[in-house]
Amino acid sequence: MSINDDQAIDQSSLDLAGSFLEVLRTRRSVRSFSDRPVPQEVIETLIATAGTAPSGANKQPWRFVAVQDADLKRRIREAAEVEERKLYESRANEEWLTDLAPLGTNADKPFLEDAPWLVVVFKLNRDDEPARETDQVYYTNESVGIATGMFLAAAHVAGLATLTHTPSPMKFLGEVLGRPAHERAFMLIPVGYPAAETRSPDIGRKPLERIMVVDAGEAPNADDPSRSLPSSMPPDPRNGLSGSPD
Ligand SMILES: Cc1cc2nc3c(=O)[nH]c(=O)nc-3n(C[C@H](O)[C@H](O)[C@H](O)COP(=O)(O)O)c2cc1C
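Under this note's numbering, the residues of the sequence shown are numbered -8 to 237, in order.
Following this line, the structure appears as structure tokens:
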């Protein structure tokens, strides 16, 4: 392979990576959904994509429960709002409420009934495959987090909106959905199309030089321009503010 071939491959990788970045930069959490239906095959494809994720010792310690039944969605909303009311009224400290303020969220969760699908991600605390040598699982939070991220990215690429919702504690999800005890609720994800009038809060992302360090070194210092990474990347139109930790 010539140097020119290597350069062409590098350029192609850069182009592809840049295209994916541009696609994912347009993903936003959506908290208001239309009732436009989404075919089950689409949800199946998104979950199959999530299932390609890497996992500790390939144990794939996840289960994705796709809920479309109106009564189940209503029960999930009611139970989630009980937990969320406690969060906003007493569980969250002042700092947490301060960090949530820019999002404009509150304890009302109509999207849990409006979205055509709720995908509830469970992590398995033991492997339940019938033909297994052992039932141990490894790095479950990391594994399920990666699979969930791949699900979110796949949904976005498919033109669908999602929200990563964590009404804590989430034990009620296992009860409402009749899940076995070794499945622990990890994330509640409404999936669908955004309502016509939906607006996302005006928040941005940290710039690359604040989240990346090349080789060894201290945490990047915001005031030291010499630590900025040389980058040909276009700036994030969402301006570089940090997001919320919720
Ligand atoms: C682990 C996790 C939990 C979250 N929990 C909630 C939640 O319970 N309710 C909510 O409205 N948003 C929740 N979010 C969404 C974040 O607020 C949102 O991702 C962040 O503000 C950045 O906005 P964006 O997703 O629109 O880019 C959660 C996000 C993550 C990753």
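The beta carbon of each residue, even a glycine, is placed where N, CA and C say it ideally should be.
| query | result |
| --- | --- |
| Inter-residue Cα distance where the pair is residue 128 and residue 116 | 7 Å |
| Rounded straight-line distance, which links the Cα of residue 40 to that of residue 134 | 14 Å |
| Boundaries (first-last residue) of the beta strand (DSSP E) holding residue 123 | Unbroken run through residue 123: none, as it is neither H nor E. |
| Contained beta strand (DSSP E) runs [length at least 3] in the stretch 165 to 206, N- to C-terminal order | 174 to 183 |
| Check: residue 94 C-beta below 7 Å from any heavy atom of ligand 2 | As far as ligands go, the structure on display features ligand 1 and does not contain ligand 2. |
| For residue 20 and residue 151, believed in contact at Cβ under 8 Å, the rounded distance | Actually they do not touch by this definition, with Cβ atoms about 13 Å apart. |
| Heavy atom of ligand 1 within 7 Å of residue 23 beta-carbon | no |
| Contact with chain C by residue 107, beta-carbon distance below 8 Å | The question asks about chain C, but that chain is absent: this structure has only one protein chain. |
| Range covered by the alpha helix (DSSP H) that runs through residue 91 | 85 to 91 |
| The stretch 51 to 58 in contact with the stretch 161 to 177 per 3-pair CB rule at 8 Å | yes |
| Beta-carbon gap between residue 145 and residue 24 smaller than 8 Å | no |
| Closer than 7 Å: residue 191 CB and nearest ligand 1 heavy atom | yes |
| Cβ-Cβ distance between residue 174 and residue 165 below 8 Å | yes |
| Three-state secondary structure (DSSP) of residue 4 | helix |
| Proximity test, residue 16 beta-carbon vs ligand 1 heavy atom, cut-off 7 Å | no |
| Distance, residue 35 Cα to residue 100 Cα | 25 Å |
| Cβ distance (whole Å) where residue 142 is taken to contact residue 67 below 8 Å | That belief does not hold up - the Cβ atoms of residue 142 and residue 67 are roughly 18 Å apart, past 8 Å. |
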